[in-house]
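Peer 1:
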Amino acid sequence: MFKKMEGMTMKAIVALLVLLMGISAVAESYARCGEVDPEIGICLDEVDPMTGIPLQDEFTERFLHASSTGDIPALKELLEERKKTLAEEGETTMLLYQIGIVHFILVDRYLMLELEEGILYHTDEAVKVLGRAIELGLEDRYLPFAHAYIGGAMGARALHVGILESLFELIGFDRHVVTAMRLSEKFYGPDYPPRSLMYAVRGRRLRDTPWFVGGSSRKALRYLRRAVELDPGFLNNYEDIAMTYEKMGKNDKAIEYWQKVIELPLQERYRWWGIEAKERAEEALERLRG
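Under mature numbering (1 follows the signal peptide of the UniProt record, and there is no 0), residues -27 to -1, 1 to 263 are what the sequence shown spells out, in order.
Right, here's the structure in full:
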């Protein structure tokens, strides 16, 4: 089932959640920061909210670099270091959270590179370790993201199991993403910008799965429009709406939203995402206009 979803939607969903991981860290740092370095835009007196380690810490610098560049050997090295610390010092919720996130980033890299070996291992570990962190009382501010990453890992796992098992993974995916949306509103407020990607993930799932497992383009549009409201500068949200209208056969509306992708400026933080979206928009407009 998942294996045949249009455009390998689950890969795109996992990639969105990895992006969520990064921008949620930046947004929370700014919200609680006393001083921001104007040259590099990094909070000087805070810890990284994704790892809980001071931003100038060597491990954090390596972690952020490895995750942003998709360096698999570096990610594996960091994972082994965190596991060694776990064996020496015992379980803590933050340590488990960090390990789970590294597993999740590895899932994203393996999916994008179509490396089958290791995907099931890392999805299983991400679900297990993040679930254990929640069970032990992970801090409230991390809970929405932990649930989002568990959901993403379950969705990725659904690509590599049988049809019946993929149904259960889809149920788990829905449950955790909806929980992430609810908790992020509770702990961060309804207008917290990183929630945009949670709505986009939910919208893509509704658009690109069959009706008999809850798929609905009309419902998808509601979530995708909310994603635009939360982060109106993120080009891929408009792209998702354009794709949904195309699927519904409403080409005039699709053209309107593809044109928005062309016209809106690139955001530096999402530069490569935006460049790719604009290229797809040009191709779509050429196709639809004949």
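For every residue, glycine included, the Cβ atom is placed at its ideal position computed from N, Cα and C.
Using C-beta distances below 6 Å, list every residue in its chain close to Leu156, excluding the 5 sequence neighbours before and after it, in chain order.
Peer 2: Residue numbering aside, residue 156 sits at position 183 when the sequence shown is read from its first letter. Correct list, in chain order: Leu116 and Pro117.
Peer 1: At the 8 Å Cβ level, is Arg168 part of the contact set with chain D, yes or no?
Peer 2: Here chain D cannot be found, since the structure has a single protein chain.
Peer 1: CA-CA distance, Ala250 and Arg195?
Peer 2: By 1-based counting over the sequence shown, the position of residue 250 is 277. By 1-based counting over the sequence shown, the position of residue 195 is 222. For Ala250 and Arg195, the distance between alpha carbons rounds to 21 Å.
Peer 1: If we ignore side chains and look at the alpha-carbon of each, how far apart do Val102 and Phe141 end up?
Peer 2: Working through the sequence shown from its first residue, we reach residue 102 at position 129. Working through the sequence shown from its first residue, we reach residue 141 at position 168. Computed Cα separation, rounded: 19 Å.
Peer 1: If I measure Cβ to Cβ from Leu179 and keep anything under 8 Å in the same chain, skipping five residues before and after, which residues do I get?
Peer 2: In the sequence shown, counting from the first residue as 1, residue 179 sits at position 206. For Leu179, where only same-chain residues beyond five positions count, the Cβ hits under 8 Å are Gly187, Gly188, Ser189, Ser190, Lys192, Ala193 and Tyr196.
Peer 1: Compute the distance between the beta-carbons of Ala99 and Phe77, then report whether it is under 8 Å.
Peer 2: Taking the sequence shown and counting its residues from 1, one reaches residue 99 at position 126. Taking the sequence shown and counting its residues from 1, one reaches residue 77 at position 104. In contact: Ala99 and Phe77 (Cβ atoms closer than 8 Å).
Peer 1: Pick out whichever of Ile248, Arg55 and Gln232 has its Cα sitting closest to the Cα of Leu239.
Peer 2: What you label residue 239 is simply residue 266 of the sequence shown in a count that begins at 1. Out of Ile248, Arg55 and Gln232, Ile248 has the C-alpha closest to the C-alpha of Leu239.
Peer 1: Could you give the distance in angstroms between the alpha-carbon of Thr96 and the alpha-carbon of Leu143?
Peer 2: Sequence index remark: in the sequence shown, residue 96 carries index 123 (1-based). Sequence index remark: in the sequence shown, residue 143 carries index 170 (1-based). Computed Cα separation, rounded: 14 Å.
Peer 1: Please return the same chain residues whose Cβ sits closer than 6 Å to the Cβ of Lys233, not counting the five positions on each side in sequence.
Peer 2: In the sequence shown, counting from the first residue as 1, residue 233 sits at position 260. Excluding residues within five positions, the ones whose Cβ falls inside 6 Å are Tyr211.
Peer 1: Apply the 10 Å Cβ neighbour rule to Arg5 and answer buried if 16 or more other Cβ atoms are within range, or exposed otherwise.
Peer 2: Looking up residue 5 in the sequence shown gives position 32. Summary for Arg5: the model assigns pLDDT 43, below 50, so the residue's position carries little reliability, and this model does not support an answer.
Peer 1: Please determine, among Met67, Arg198 and Gly43, the residue with the shortest C-alpha to C-alpha distance to Asp113.
Peer 2: Mapped onto the sequence shown, residue 113 falls at position 140. If we check each option's Cα against that of Asp113, Met67 comes out closest.
Peer 1: Quick one: what does DSSP say Pro167 is sitting in, helix, strand or coil?
Peer 2: Taking the sequence shown and counting its residues from 1, the one referred to as residue 167 is at position 194. Three-state DSSP puts Pro167 in coil, outside helix and strand.
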